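Below is one structure; the comments refer to it alone.
Protein chains: 2
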Amino acid sequence: MKTQNIPKATIKRLAVYIQVLSGLKRDGVEVISSEKLARACSVNPSQIRKDLAYFGEFGVRGVGYYVHELISSIKHSLGVDRVWGCALVGVGNLGRALLRHKEFALRGFSIRAAFDCDPYKIGEIVSGLEVVCTRQLKGRVDEFGLEVGIITTPPERAQRAANYLVDGGIKGIVNFAQARIQVPKEVTVEYVDFTHHFYSVAFNISSAD
Amino acid sequence: MKTQNIPKATIKRLAVYIQVLSGLKRDGVEVISSEKLARACSVNPSQIRKDLAYFGEFGVRGVGYYVHELISSIKHSLGVDRVWGCALVGVGNLGRALLRHKEFALRGFSIRAAFDCDPYKIGEIVSGLEVVCTRQLKGRVDEFGLEVGIITTPPERAQRAANYLVDGGIKGIVNFAQARIQVPKEVTVEYVDFTHHFYSVAFNISSAD
DNA sequence: CTCTGTGAATGAGTTCACAGCA
DNA sequence: TGCTGTGAACTCATTCACAGAG
């Protein structure tokens, strides 16, 4: 793996490649060319080859890529060939949905602790996990192997949740709350915002005369 | 509004501006400069001015932008200053969560119909909405004013869901399923993939030596 | 001969720097 | 004077085109 700085867009596409390759594997496809994979992902073939080239040489010239092997290689490159321990902060509607959503564990992100500051929620069991006071977060980071924070609080409490996570030594946050947060630069934040996708669709429909 | 082709990235940022401006409005801020807004959004001030310039001149030189007015202007530019009727296909875990999630209606996306092909789910009432057979989708598009489709099926059924939506005359789709879909080019598809954000965080943590 | 891997060319998006208006 | 709006400069990403491996 080269120590160039890899475009954020490449990382996003690698996730798409994994998704499509997984579908192909399910359908019994064993080998695929960059051209066919590109069509399935709606991107340019060179794009795929260039994206993969950041991490190594995974293909066989004259043949293509071995599907199963390529999935493993991409997952390894992204660092998602292992399980990551996650802490969820904010047990509201969305938080509960995520706790129940099995897809995360399936993809290597295991939610191991749920926090909330509401005394009525503390002690409640959601999807087999006891809701704990957010103040106790720091003390549980090592014990539970918490590495990634998930914020699902109302917007006005997102910053406080982030502070608790940062204070606990968490280095990566996925923020579902409708608010931007400020964190030290060594902490990575990814914002999940469904709204944007809806706006995008609305805009496209509207501007299609 | 100019008929240039507006970068997708701009649309995404406009959604962020709305989010941040809404927070500022809540805090009683009435006027803001591009510099301060930029800091709150973690972008460059010129970026904001350029993004807005695609749609018009919303600022006052020497002063800045009026928060409330700017929110309205951006919403109008995106076409989200009205209510959009949505059809949800796939009443599984995620589908149910979205049906119960009030945030969508709040932002102008009103889910007015829920479809599924599973006979056990048909007839069930979820969040006040009766689950209907997907075959009946086409017949309800006009009646319910359905404009945007939401796919929340398992990956292997996403394409079929898309086909029903396209056949019903839907012009925009937000796809939460873990699969790419093929649609005619006049139909807009937005892919929502939490996984990618988690991968991104994992990658950033991993590659931070 | 096929399809990957990659430097070179192109194109898109971001930032700069300043003109222009309040 | 202060901050917006915008052409010009620059940076980054995508696509092309072909050398090179199997």
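As given, the protein sequences belong to chains W and S, one line each in that order. Position 204 of the first sequence, counted from 1, bears residue number 310 in my numbering, the numbering being contiguous throughout. Position 101 of the second sequence, counted from 1, bears residue number 207 in my numbering, the numbering being contiguous throughout. Glycine residues also receive a C-beta, built at the ideal position from the N, C-alpha and C atoms. Nothing here was measured: the structure is a model prediction, and the numbers come from that model.
- Going by C-alpha positions, residue 155/W is about 28 Å away from residue 303/W.
- At a cut-off of 8 Å, the C-beta of residue 299/W has a neighbouring C-beta in chain S.
- Per DSSP, reduced to three states, the secondary structure at residue 201/W is helical.
- In the three-state scheme derived from DSSP, where H, G and I count as helix and E and B as strand, residue 255/S is classed as strand.
- Note on geometry: alpha-carbon atoms of residue 145/S and residue 225/W lie some 34 Å from one another.
- Between residue 141/S and residue 151/S, the C-beta gap is smaller than 8 Å, which places the two residues in contact.
- Annotation for residue 249/W: the continuous alpha helix (DSSP H) segment containing it runs 243-250.
- Judged by DSSP in its simplified three-state form, residue 164/S adopts coil rather than helix or strand.
- For a Cβ distance threshold of 7 Å, nothing in chain W lies close to residue 223/S: the least Cβ distance comes to about 19 Å.
- Residues of chain W with a Cβ closer than 8 Å to the Cβ of residue 312/S are, in chain order, 184, 185.
- Between residue 243/W and residue 275/W, the alpha-carbon positions lie close to 10 Å from each other.
- Contact of residue 113/W with chain S is not assigned, every C-beta pair being separated by 8 Å or more.
- Taking each of 258/S, 251/S, 143/S, 298/S in turn and checking the Cα distance to residue 199/S, the smallest one comes out for 258/S.
- Rounded to whole angstroms, the separation of the alpha carbons of residue 126/S and residue 143/S is 8 Å.
- The alpha-carbon separation between residue 295/W and residue 280/W amounts to approximately 6 Å.
- A buried status is given to residue 253/S, since no fewer than 16 other beta-carbon atoms sit within 10 Å of its beta-carbon.
- At a cut-off of 8 Å between C-beta atoms, residue 140/W does not count as an interface residue with respect to chain S.
- Taking 8 Å as the CB threshold, residue 294/S lines the interface with chain W.
- Closest by C-alpha distance to residue 289/S, out of 309/S, 264/S, 148/S, 307/S, is 264/S.
- The C-beta of residue 218/W comes no closer than 8 Å to any C-beta of chain S.
- Contact between residue 237/S and residue 220/S holds: CB atoms are separated by about 5 Å, below the 8 Å threshold.
- Within chain S, the residues placing a beta-carbon under 7 Å from that of residue 206/W are 199, ordered along the chain.
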